[in-house]
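Residues -23 to -1, 1 to 261 (mature numbering (1 follows the signal peptide of the UniProt record, and there is no 0)) make up the sequence shown, in order. Ideal Cβ positions, reconstructed from N, Cα and C, are used throughout, including at glycine. None of the values given here were measured: they were computed from a predicted structure. Notes follow the structure.
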Amino acid sequence: MKKLTDFSFCKFLFVLGFATLLAACSEESTDKVNNVVNSSSIKEQVQITPKVQQEINKFEETYFKQMNVTDNSVTMVGYRTMPLSGKNKEVVKWQFEKYKKEIEKSKGIFIASDFSFYRIYFPMHTAIVDINGKEYKANEVGSIRGMQLTRATPSSIAIIGRVKSEKVAGCSKNIILPNKILLKSKLIPTENKKGFYVFDLGIIECCQKETRGVRSTPCTQNHPGYANCSDAFQLWGGNCVQRKDVCMDFNGWGSDCVKGPKTYFLGSDCQKAMARGHCWNEYM
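Structure representation (C-alpha coordinates):
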(Lines of atoms letter the chains of each structure in order from A and count residues from 1; the text may use other names and numbers.)
(Lines give C-alpha, C1' and ligand atoms only; values in the text may rest on other atoms or scores of the structure.)
Protein backbone atom coordinates (compact mmCIF):
# COMPACT_ATOMS: atom_id res chain seq x y z
CA MET A 1 0.00 0.00 0.00
CA LYS A 2 2.91 2.36 0.92
CA LYS A 3 4.61 1.69 -2.48
CA LEU A 4 1.37 2.56 -4.27
CA THR A 5 1.06 5.79 -2.27
CA ASP A 6 4.68 6.72 -3.04
CA PHE A 7 4.10 6.02 -6.73
CA SER A 8 0.96 8.19 -6.78
CA PHE A 9 2.80 11.02 -5.02
CA CYS A 10 5.70 10.86 -7.50
CA LYS A 11 3.24 10.86 -10.37
CA PHE A 12 1.55 13.93 -8.89
CA LEU A 13 4.90 15.76 -8.61
CA PHE A 14 5.76 14.88 -12.22
CA VAL A 15 2.43 16.20 -13.53
CA LEU A 16 2.74 19.36 -11.42
CA GLY A 17 6.30 19.99 -12.63
CA PHE A 18 5.34 19.47 -16.27
CA ALA A 19 2.38 21.84 -15.93
CA THR A 20 4.61 24.50 -14.35
CA LEU A 21 7.19 24.13 -17.14
CA LEU A 22 4.48 24.37 -19.80
CA ALA A 23 3.08 27.53 -18.22
CA ALA A 24 6.53 29.09 -18.06
CA CYS A 25 7.19 28.33 -21.72
CA SER A 26 3.83 29.79 -22.71
CA GLU A 27 4.55 32.89 -20.65
CA GLU A 28 7.97 33.31 -22.28
CA SER A 29 6.48 32.93 -25.76
CA THR A 30 3.85 35.58 -24.99
CA ASP A 31 6.51 37.97 -23.70
CA LYS A 32 8.47 37.67 -26.95
CA VAL A 33 5.42 38.68 -28.96
CA ASN A 34 4.41 41.51 -26.65
CA ASN A 35 7.95 42.89 -26.51
CA VAL A 36 7.84 43.48 -30.26
CA VAL A 37 4.35 44.69 -31.00
CA ASN A 38 2.67 45.34 -27.63
CA SER A 39 -0.62 45.48 -29.55
CA SER A 40 -2.71 44.17 -26.67
CA SER A 41 -1.49 47.06 -24.53
CA ILE A 42 -2.38 49.53 -27.29
CA LYS A 43 -5.92 48.17 -27.58
CA GLU A 44 -6.36 48.63 -23.84
CA GLN A 45 -5.24 52.26 -24.00
CA VAL A 46 -6.61 53.35 -27.39
CA GLN A 47 -10.17 52.87 -28.62
CA ILE A 48 -10.38 53.47 -32.38
CA THR A 49 -13.87 54.52 -33.46
CA PRO A 50 -15.14 53.85 -37.02
CA LYS A 51 -14.71 57.56 -37.79
CA VAL A 52 -11.08 57.59 -36.64
CA GLN A 53 -10.41 54.37 -38.59
CA GLN A 54 -11.61 56.14 -41.74
CA GLU A 55 -9.23 58.99 -40.92
CA ILE A 56 -6.38 56.50 -40.55
CA ASN A 57 -7.18 54.87 -43.90
CA LYS A 58 -7.22 58.26 -45.65
CA PHE A 59 -3.99 59.35 -43.95
CA GLU A 60 -2.17 56.13 -44.87
CA GLU A 61 -3.27 56.40 -48.49
CA THR A 62 -1.80 59.91 -48.71
CA TYR A 63 1.33 58.90 -46.80
CA PHE A 64 2.02 55.95 -49.09
CA LYS A 65 1.59 58.08 -52.22
CA GLN A 66 4.14 60.67 -51.14
CA MET A 67 6.78 57.95 -50.69
CA ASN A 68 7.00 57.70 -54.50
CA VAL A 69 7.93 54.01 -54.69
CA THR A 70 7.78 51.99 -57.91
CA ASP A 71 4.95 49.62 -58.77
CA ASN A 72 7.18 46.54 -58.89
CA SER A 73 8.25 46.76 -55.27
CA VAL A 74 7.12 46.05 -51.73
CA THR A 75 7.55 48.66 -49.01
CA MET A 76 7.85 48.31 -45.24
CA VAL A 77 6.22 51.03 -43.14
CA GLY A 78 6.07 51.17 -39.35
CA TYR A 79 4.23 53.27 -36.82
CA ARG A 80 4.20 53.91 -33.09
CA THR A 81 1.30 55.15 -31.00
CA MET A 82 1.07 57.72 -28.21
CA PRO A 83 -2.16 57.44 -26.14
CA LEU A 84 -3.36 60.83 -24.89
CA SER A 85 -5.27 61.88 -21.79
CA GLY A 86 -5.35 64.74 -19.31
CA LYS A 87 -2.72 67.44 -19.83
CA ASN A 88 -1.06 65.57 -22.71
CA LYS A 89 -4.33 65.58 -24.63
CA GLU A 90 -4.85 69.31 -24.06
CA VAL A 91 -1.29 70.16 -25.11
CA VAL A 92 -1.51 68.14 -28.34
CA LYS A 93 -4.86 69.76 -29.14
CA TRP A 94 -3.22 73.17 -28.64
CA GLN A 95 -0.22 72.13 -30.77
CA PHE A 96 -2.52 70.94 -33.55
CA GLU A 97 -4.30 74.31 -33.63
CA LYS A 98 -1.17 76.47 -33.37
CA TYR A 99 1.28 74.37 -35.44
CA LYS A 100 -1.06 72.74 -37.96
CA LYS A 101 1.10 73.70 -40.97
CA GLU A 102 4.24 72.30 -39.36
CA ILE A 103 2.45 69.06 -38.48
CA GLU A 104 1.09 68.62 -42.00
CA LYS A 105 4.51 69.39 -43.49
CA SER A 106 6.03 66.64 -41.35
CA LYS A 107 3.86 64.11 -43.25
CA GLY A 108 4.36 61.21 -40.84
CA ILE A 109 2.21 62.51 -37.99
CA PHE A 110 -1.37 61.26 -37.64
CA ILE A 111 -3.49 62.84 -34.89
CA ALA A 112 -6.94 61.37 -34.21
CA SER A 113 -9.73 63.95 -34.48
CA ASP A 114 -10.86 63.14 -30.93
CA PHE A 115 -7.25 63.64 -29.71
CA SER A 116 -7.28 60.28 -27.93
CA PHE A 117 -3.95 59.33 -29.53
CA TYR A 118 -1.48 60.13 -32.26
CA ARG A 119 0.79 58.00 -34.40
CA ILE A 120 4.21 58.56 -35.94
CA TYR A 121 4.64 56.73 -39.26
CA PHE A 122 8.07 56.01 -40.71
CA PRO A 123 9.81 53.97 -43.41
CA MET A 124 11.56 50.85 -42.13
CA HIS A 125 14.87 52.33 -43.22
CA THR A 126 17.39 49.71 -44.49
CA ALA A 127 15.44 46.83 -42.94
CA ILE A 128 16.59 43.25 -43.44
CA VAL A 129 13.47 41.38 -44.53
CA ASP A 130 12.82 37.65 -44.66
CA ILE A 131 10.43 36.85 -47.52
CA ASN A 132 9.60 33.17 -47.96
CA GLY A 133 12.86 32.17 -46.30
CA LYS A 134 15.13 34.47 -48.33
CA GLU A 135 16.78 37.65 -47.03
CA TYR A 136 16.35 41.02 -48.76
CA LYS A 137 17.67 44.47 -47.86
CA ALA A 138 15.30 47.42 -48.06
CA ASN A 139 16.48 50.88 -49.08
CA GLU A 140 16.16 54.14 -47.13
CA VAL A 141 12.39 54.30 -47.69
CA GLY A 142 11.87 50.67 -46.65
CA SER A 143 11.34 49.49 -50.23
CA ILE A 144 12.53 46.33 -52.00
CA ARG A 145 12.29 46.11 -55.77
CA GLY A 146 11.32 42.93 -57.58
CA MET A 147 8.16 42.02 -59.47
CA GLN A 148 8.09 38.54 -57.94
CA LEU A 149 7.93 40.06 -54.45
CA THR A 150 4.59 41.73 -55.14
CA ARG A 151 3.00 38.29 -54.78
CA ALA A 152 4.21 37.99 -51.18
CA THR A 153 1.66 37.78 -48.36
CA PRO A 154 1.83 39.17 -44.79
CA SER A 155 2.34 35.67 -43.44
CA SER A 156 5.43 35.18 -45.63
CA ILE A 157 7.15 38.43 -44.58
CA ALA A 158 9.11 39.26 -41.43
CA ILE A 159 11.62 41.97 -40.55
CA ILE A 160 14.56 40.36 -38.77
CA GLY A 161 16.98 43.28 -38.51
CA ARG A 162 18.54 46.22 -40.29
CA VAL A 163 21.78 47.07 -42.05
CA LYS A 164 24.51 48.38 -39.76
CA SER A 165 26.01 51.76 -40.66
CA GLU A 166 28.30 54.46 -39.33
CA LYS A 167 25.40 56.30 -37.70
CA VAL A 168 23.22 53.32 -36.71
CA ALA A 169 25.12 50.55 -34.94
CA GLY A 170 22.57 48.93 -32.64
CA CYS A 171 21.76 49.13 -28.94
CA SER A 172 21.34 46.85 -25.93
CA LYS A 173 17.94 45.71 -27.23
CA ASN A 174 19.54 44.23 -30.39
CA ILE A 175 21.92 41.44 -31.39
CA ILE A 176 24.85 43.27 -32.98
CA LEU A 177 26.91 41.54 -35.69
CA PRO A 178 29.77 43.00 -37.80
CA ASN A 179 27.58 44.07 -40.73
CA LYS A 180 24.04 43.85 -39.46
CA ILE A 181 21.80 44.49 -36.49
CA LEU A 182 19.42 41.65 -35.64
CA LEU A 183 16.20 42.00 -33.67
CA LYS A 184 15.70 39.68 -30.71
CA SER A 185 12.18 38.99 -31.98
CA LYS A 186 11.09 39.27 -35.60
CA LEU A 187 8.47 41.78 -36.70
CA ILE A 188 5.35 40.56 -38.48
CA PRO A 189 3.20 42.98 -40.53
CA THR A 190 -0.32 43.65 -39.30
CA GLU A 191 -1.66 44.34 -42.79
CA ASN A 192 -0.84 44.70 -46.48
CA LYS A 193 -2.18 47.70 -48.39
CA LYS A 194 -1.35 47.37 -52.09
CA GLY A 195 2.28 46.42 -51.58
CA PHE A 196 2.78 48.49 -48.41
CA TYR A 197 3.32 46.21 -45.44
CA VAL A 198 2.41 47.97 -42.20
CA PHE A 199 4.12 47.13 -38.90
CA ASP A 200 2.75 48.11 -35.49
CA LEU A 201 5.77 48.85 -33.27
CA GLY A 202 3.80 49.52 -30.12
CA ILE A 203 3.47 52.46 -27.78
CA ILE A 204 5.89 55.38 -27.85
CA GLU A 205 8.06 55.23 -24.76
CA CYS A 206 9.86 58.54 -24.75
CA CYS A 207 10.87 61.35 -22.52
CA GLN A 208 12.60 59.43 -19.75
CA LYS A 209 13.62 61.52 -16.78
CA GLU A 210 17.22 62.67 -16.80
CA THR A 211 19.74 59.92 -16.18
CA ARG A 212 23.36 60.55 -15.43
CA GLY A 213 25.94 58.46 -17.24
CA VAL A 214 27.05 58.01 -20.81
CA ARG A 215 25.08 55.78 -23.20
CA SER A 216 22.28 55.17 -20.72
CA THR A 217 19.42 54.97 -23.26
CA PRO A 218 18.95 53.26 -26.65
CA CYS A 219 18.92 56.72 -28.30
CA THR A 220 22.48 57.38 -27.17
CA GLN A 221 23.70 53.77 -27.56
CA ASN A 222 22.53 53.44 -31.16
CA HIS A 223 24.79 56.16 -32.57
CA PRO A 224 28.40 55.56 -31.41
CA GLY A 225 30.67 58.46 -32.23
CA TYR A 226 27.74 60.83 -31.82
CA ALA A 227 26.08 62.16 -28.68
CA ASN A 228 22.51 61.27 -29.70
CA CYS A 229 20.24 61.15 -32.76
CA SER A 230 20.18 64.97 -32.93
CA ASP A 231 23.96 64.96 -33.30
CA ALA A 232 24.10 61.97 -35.68
CA PHE A 233 21.55 63.34 -38.16
CA GLN A 234 21.95 67.09 -37.50
CA LEU A 235 18.38 67.51 -36.35
CA TRP A 236 19.01 70.15 -33.72
CA GLY A 237 15.77 72.05 -33.19
CA GLY A 238 15.84 75.71 -32.21
CA ASN A 239 13.24 75.53 -29.46
CA CYS A 240 15.57 74.68 -26.58
CA VAL A 241 19.24 74.73 -25.65
CA GLN A 242 21.13 71.94 -27.42
CA ARG A 243 22.12 69.17 -25.03
CA LYS A 244 24.36 66.22 -25.78
CA ASP A 245 23.97 64.43 -22.45
CA VAL A 246 20.35 63.36 -23.02
CA CYS A 247 17.94 62.48 -25.83
CA MET A 248 16.30 65.59 -27.26
CA ASP A 249 12.77 64.18 -27.06
CA PHE A 250 11.32 67.21 -25.29
CA ASN A 251 12.13 70.19 -27.57
CA GLY A 252 9.01 69.98 -29.74
CA TRP A 253 6.58 72.67 -30.81
CA GLY A 254 5.85 75.14 -28.00
CA SER A 255 8.09 73.26 -25.57
CA ASP A 256 8.83 74.56 -22.08
CA CYS A 257 12.20 72.75 -22.39
CA VAL A 258 11.62 70.60 -19.30
CA LYS A 259 13.00 67.07 -19.66
CA GLY A 260 10.63 64.31 -18.55
CA PRO A 261 6.98 65.00 -19.49
CA LYS A 262 5.61 63.54 -22.74
CA THR A 263 3.83 66.73 -23.74
CA TYR A 264 6.40 68.12 -26.18
CA PHE A 265 7.56 65.05 -28.09
CA LEU A 266 5.82 66.23 -31.29
CA GLY A 267 8.26 68.34 -33.27
CA SER A 268 11.25 67.26 -31.16
CA ASP A 269 14.55 66.02 -32.58
CA CYS A 270 13.70 62.45 -31.59
CA GLN A 271 10.28 62.63 -33.23
CA LYS A 272 11.90 63.87 -36.46
CA ALA A 273 14.47 61.06 -36.34
CA MET A 274 11.66 58.55 -35.76
CA ALA A 275 9.63 59.89 -38.71
CA ARG A 276 12.63 59.47 -41.03
CA GLY A 277 13.14 55.85 -39.98
CA HIS A 278 16.54 56.43 -38.42
CA CYS A 279 15.96 54.84 -35.03
CA TRP A 280 13.31 52.10 -35.27
CA ASN A 281 15.64 49.31 -34.10
CA GLU A 282 15.71 51.03 -30.68
CA TYR A 283 12.04 50.20 -30.11
CA MET A 284 12.44 46.43 -29.91
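Rounded straight-line distance, which links the Cα of residue j to that of residue i
i    : j    : result
Y203 : T26  : 42 Å
D177 : E168 : 9 Å
K170 : Y76  : 30 Å
I88  : L154 : 37 Å
R57  : K84  : 14 Å
C144 : K249 : Reading the sequence as shown, one finds Lys at residue 144 and not Cys. Cα to Cα, K144 sits roughly 16 Å from K249.
F73  : K28  : 19 Å
K78  : N109 : 42 Å
G231 : D91  : 21 Å
Q211 : H255 : 12 Å
V69  : K221 : 26 Å
Q125 : T52  : 14 Å
Q43  : P195 : 30 Å
S120 : T127 : 11 Å
F36  : T130 : 23 Å
R96  : P60  : 9 Å
C224 : T197 : 7 Å
K141 : A135 : 18 Å
V118 : W213 : 22 Å
P201 : G179 : 25 Å
P166 : Q31  : 20 Å
K82  : F173 : 22 Å
V54  : M101 : 5 Å
Bridge-paired residues (DSSP) for residue i
i    : result
M225 : DSSP lists no partner for M225.
E112 : D107
M59  : Y95
F87  : R96
I134 : I108
R122 : S50
Distance between beta carbons of residue j and residue i, contact taken as under 8 Å
i    : j    : result
G123 : N49  : 7 Å
D233 : S245 : In fact, because the Cβ distance is near 12 Å, the residues do not count as touching under 8 Å.
G138 : K150 : No, G138 and K150 are not in contact; Cβ-Cβ is about 12 Å, not under 8 Å.
K114 : T103 : 7 Å
F99  : A252 : 5 Å
V23  : S93  : 6 Å
N205 : C217 : Contact flag wrong, Cβ pair sits at about 13 Å.
F242 : I181 : 7 Å
E259 : C183 : Their Cβ separation, rounded to whole angstroms, is 11 Å, which puts E259 and C183 out of contact at 8 Å.
Where residue i falls, given that 16 or more other Cβ within 10 Å makes a residue buried
i    : result
N34  : exposed
W71  : exposed
V175 : buried
G237 : exposed
S62  : exposed
G215 : exposed
K161 : exposed
S207 : buried
T39  : exposed
T47  : exposed
Report task. Just list the alpha helix (DSSP H) runs in the stretch 137 to 218, keeping only unbroken ones of 4 residues or longer that don't cross its boundaries, in chain order. Result -> Those alpha helix (DSSP H) runs which fall completely within the stretch 137 to 218 and span 4+ residues are 195 to 198 and 206 to 209.
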